[in-house]
Each structure stands twice: as structure tokens, then as C-alpha cells.
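Chains as they are written, first to last, in our numbering: chain A, 98 to 213; chain B, 35 to 204.
Glycine included, each C-beta is placed from N, C-alpha and C at the ideal position.
Structure first, commentary second.
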């Protein structure tokens, strides 16, 4: 997955990737990665819940637009089967969950690169 | 001696002290930056320059999705991919992958391959265009076998004018 994302990105196409296992998200080093703690086979969520699928897609679009540098992993906080996903009226705006996750990811990567 | 390229270079320089010193110097000056560039630390980067409403979007999924009429994936490991046209409906698609429970995904293929969702977003004007071709991969434990197929997919996407690829796992 990460390798595919890197090859596509290297050819000049922006990529936005999802991972369902945090260790995998870290390992594969995709250019832009969103992590969801959801079961395998359910990257977009639950069956017949279009608003949930759209919420995940919106965050993938946000990641494409907002990630300031390669290799960031944004944790999305959506709980499995215990979230409400209201209809999205402004697709240009980021979800509050994504915005908070991006800030946390940038802080985490900055502190990780400080020597010592 | 901090990295394999340096070690190999020094080895090639042979037994003389001067050769060894030259190899070590070369390792520091030339190969280390190259190694850094080539290593897994390096992640390519293409900023997203289009507006979403003008962008062409394609899907890549590693969940074993393919047209039911197409050749199934080898369930023990397969680095090939299947092209899925933008017009594919849920009834045209199936899953060849044994490493996850695909019952929900077979009920609603959008869970691992949200093509229908993308077509809806295209109709609403949220995204510019759904690409003509999308890509399904199966289970492949050996990542390096995906380099060739990955490049092939990237080339096809370039030909299709894709601006944004969304990668969805199993």
C-alpha cells in the first residue's frame, strides 16, 4: 500500500491513503496517511452508511490539501459504530476531527525530529 | 563504518590504506546523501495543486476487488492488478481475498472501493471528475514485487489525467 502510494506520488500524482493498523501506517511511509481504528474490510465504515463513507472521503481530501509535508500520519478519532455523521454541507472545510488530528500529527513529528 | 554502501565501497577499494581512506571519504561525501535520498526515509511528494472541484480522482484498493468477469487474484499472494472501469456497478464486482472478512464489503462494496460514492460526489460537483480507470490489487506480502505494477498504475493514471489517487486498504 505504502509502496503503491509512493510510486504514484513519485510520478506526479497526489496520493491520500488510509490505514486500519497504526503500526502499518507507520511502517509503510506513504506520503499522506490517515489512520482509522476500524476492522479490516471496513475502511469506509459500515454498510449502507453513505454519510459515514463521505466523512472518510472528506478527510482524505483534506489530507491531500492540508498535509504540509510527506510522511505525516493523522489519527482520526471516529469510534466504530458509535459515531453520528451529519450531512456535509461545506466540502471546502475540514472536519473538526481532521483539523485536530493534523495539528497533533505535526506536533508529534516535530518533537520526534528534535535531537536528543 | 555506518552504512552498507560505505562498507561495500571500502571493500572494493582493496587493502591499501589510501584506498580505504578514499573509500571512507567517498562514503561520507557522496554515498551518504544518495543513500538518504534512496532509503525508506525518503517519501516522494506531489503537492495537490488543483481545486477539488476541478480534480480528477482515481481509486486504488488492496482489498482484492475486481470485475467478476476478470481473472481472480491468486489467494496465496498476487502482485498483479485489475483495472476497474468507472462505470462498474456493485453487481459487476467481486472480491478475491481471504485475509479479511469480506461479507460486509460484498453487501456494500463502497466499504473497500467507494466508486459509487465518488460518482455521487462528481454529480454534486464536489470533485471534478471520476477517472475512467481504477485499480484493484490482491493480497501481496512481498512489497518489493509491487514496484513494477505500481509504476504501471502510475503511468496509466498520468495518461488519464489523474490529479488525486485515493488508496484504500483491505
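Where residue 109 of chain B is concerned, there is no enclosing alpha helix (DSSP H), because DSSP gives it neither an H nor an E.
Interface annotation, residue 201 of chain A: not in contact with chain B, CB-CB separation never under 8 Å. Rounded to whole angstroms, residue 115 of chain A and residue 130 of chain A show a C-alpha spacing of 6 Å. Within the same chain, Cβ atoms closer than 6 Å to the Cβ of residue 127 of chain A are found at 99, 102 and 114, the five residues on either side in sequence being excluded. Pairing residue 195 of chain A with residue 110 of chain A, the inter-Cα distance amounts to about 22 Å. For residue 160 of chain A, the enclosing alpha helix (DSSP H) begins and ends at 147-163. At least one C-beta of chain A is nearer than 8 Å to the C-beta of residue 138 of chain B. Residue 201 of chain B: member of the beta strand (DSSP E) spanning 198-202, first to last residue. Contacts with chain B at 8 Å (Cβ-Cβ) do not include residue 207 of chain A. A contact is defined here as three or more CB-CB pairs under 8 Å, and the region 159-171 of chain B meets this definition with respect to the region 109-123 of chain B. In the DSSP assignment, residue 138 of chain B falls within the alpha helix (DSSP H) that extends over 137-141.
The beta carbon of residue 178 of chain A sits no closer than 8 Å to any beta carbon of chain B.
For the region 156-179 of chain A, residues whose beta-carbon sits nearer than 8 Å to a beta-carbon of chain B comprise 157, 158, 161, 162, 166, 167 and 168. For residue 176 of chain B, no Cβ of chain A is located within less than 8 Å of the residue's own Cβ.
With its beta carbon less than 8 Å from one in chain B, residue 137 of chain A belongs to the interface. In this structure residue 203 of chain B is buried. Its beta-carbon is surrounded by 16 or more other beta-carbon atoms within 10 angstroms. Within the region 113-125 of chain A, 113, 114, 115, 116 and 117 place their CB atoms closer than 7 Å to a CB of chain B, listed in sequence order. Beta-bridge annotation (DSSP): residue 119 of chain B is paired with B:167. A Cβ of chain B is located within less than 8 Å of the beta carbon of residue 150 of chain A.
Taking a C-beta distance under 8 Å as the contact criterion, residue 148 of chain A and residue 184 of chain A qualify as a contact pair.
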